[in-house]
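Colleague: Dropping a structure here in structure tokens format, bear with me for questions.
Residue numbers (this note's numbering), protein chains in the order written: chain A, 1 to 122; chain B, 1 to 279.
Set out below in structure tokens:
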């Protein structure tokens, strides 16, 4: 059951306080792996892919450089979508107590590791 | 501009010692603590008035998660006070929360955050200018804060280190909780906690999910643990198969030339089929 990609998602939940669910998806919205309990990974993958595509357009419109992430800040939590290379994205659901400092520390390494795994796919 | 910045702080060995030094100097500041979890300790005139940490729900989280205040009302309050200095006064002024009630929530969130921070060793800390925060209390002395934290730790402690371990443990419902009639007899508070123990959540996660304090959730979890209704979640054993070479452990290797071992077949010998009587 447990493959290195899913292990990375579980490790992210273990290492960053507040992270509750994660879905790794392709840029066209198909689920690659998920560590979820409540969210529906297929729906999250589809919506996150659409969101990041819009994010790229937003960044273009704003002239604000390369898109790093898109985050939805809500009353009792956050949904943060981060690009994982060109082919994939990571959607993270977190509660309102998210340890943002730890998240900022961890996420570049996690996306880089995920990217290395996905780059091996042919 | 703060008068305290003129007076250098003595080197403090730990955060409580720093808070005592800040009290002596009557400083107003925010102490930013880094660690897992880190946090911010808000000090006004030497007294601690609020703490924020990812380890325990803050006043805002408690008010919103529990449904005590609606999102719309909260947005209106924040819009009315763009400095965020007088959020508490605005909440009371609008009649959204009673002054006394807000003071109770503010103090309990403060003690709860102090308890959560006490469960981890901070990496470092830095004294910064005061950052606006939501609080409504007269402030507590570092001594009282420490006293409240140790009272909480003592109430939970079974053996040393067990409180921090309990805070980190992901619990799941035990099979006994599925016996009809057992859960129904529990108070609603315990039933709520039980419903959120899914093997993924720590006590802190449950506190955020329910909009309750970390300490009170941990007290409930300790009771549910004692009654055998929840137990620590052990990660699934359905692991990927090992790719390590399949070899016999070294202890059973060739040195044992004992008579019980099977004869080894060597290439070139015994290759001719043995005569069998029924051929």
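In this text, a Cβ means the ideal position worked out from N, Cα and C, and glycines have one as well.
#1: Could you give the DSSP three-state label for residue 28 of chain B: helix, strand or coil?
#2: Do you know whose CA, among B/22, B/36, B/37, lies nearest residue 30 of chain B's CA?
#3: Please name the residue, chosen from B/55, B/81, B/66, that lies closest to residue 76 of chain A on a Cα-to-Cα basis.
#4: Report the CB separation of residue 90 of chain A from residue 114 of chain A in whole angstroms; it is logged as a contact under 8 Å.
#5: Do you know offhand how far residue 172 of chain B's Cα is from residue 233 of chain B's?
#6: So with Cβ pairs under 9 Å, would you call residue 39 of chain A a contact of chain B?
#7: Would you report the Cα separation of residue 12 of chain B and residue 81 of chain A, rounded to the nearest angstrom?
#8: Count the other CB atoms within 10 Å of the CB of residue 13 of chain A; is the residue buried (16 or more) or exposed (fewer)?
#9: Can you list, in chain order, the residues of its chain with a C-beta nearer than 8 Å to that of residue 182 of chain B? Leave out the 5 residues immediately preceding and following it.
#10: Contact between the region 111-125 of chain B and the region 48-55 of chain B: three or more CB pairs below 8 Å?
#11: Excluding the 5 residues preceding and the 5 following residue 103 of chain A in the sequence, name in chain order all residues of the same chain whose CB lies nearer than 6 Å to its CB.
#12: I need the DSSP call for residue 119 of chain A, collapsed to helix, strand or coil.
#13: Report the three-state DSSP secondary structure of residue 219 of chain B (helix, strand or coil).
#14: Ordered along the chain, which non-local residues of its own chain (more than five positions away) have a Cβ less than 8 Å from that of residue 193 of chain B?
#15: With a Cβ-Cβ cutoff of 9 Å, do residue 88 of chain A and residue 8 of chain A count as a contact?
#16: At a CB-CB cut-off below 9 Å, which residues of chain A make contact with residue 55 of chain B?
#17: Hey, is residue 211 of chain B's beta-carbon within less than 9 Å of any beta-carbon in chain A?
#18: What residues from chain B crowd round residue 51 of chain A, counting only those whose CB sits closer than 8 Å?
#19: Can you check the region 66-98 of chain A for any beta strand (DSSP E) of at least 3 residues that lies completely inside it and give the ranges in chain order?
Modeller: Taking the definition as stated:
#1: coil
#2: B/22
#3: B/66
#4: 7 Å
#5: 5 Å
#6: no
#7: 40 Å
#8: buried
#9: 176, 229
#10: yes
#11: 16
#12: helix
#13: helix
#14: 206, 210, 217, 220, 221, 224
#15: no
#16: 17, 97, 99
#17: yes
#18: The premise fails here: residue 51 of chain A is roughly 21 Å from chain B at the closest Cβ pair, so nothing lies under 8 Å.
#19: 69-74, 77-84, 88-95
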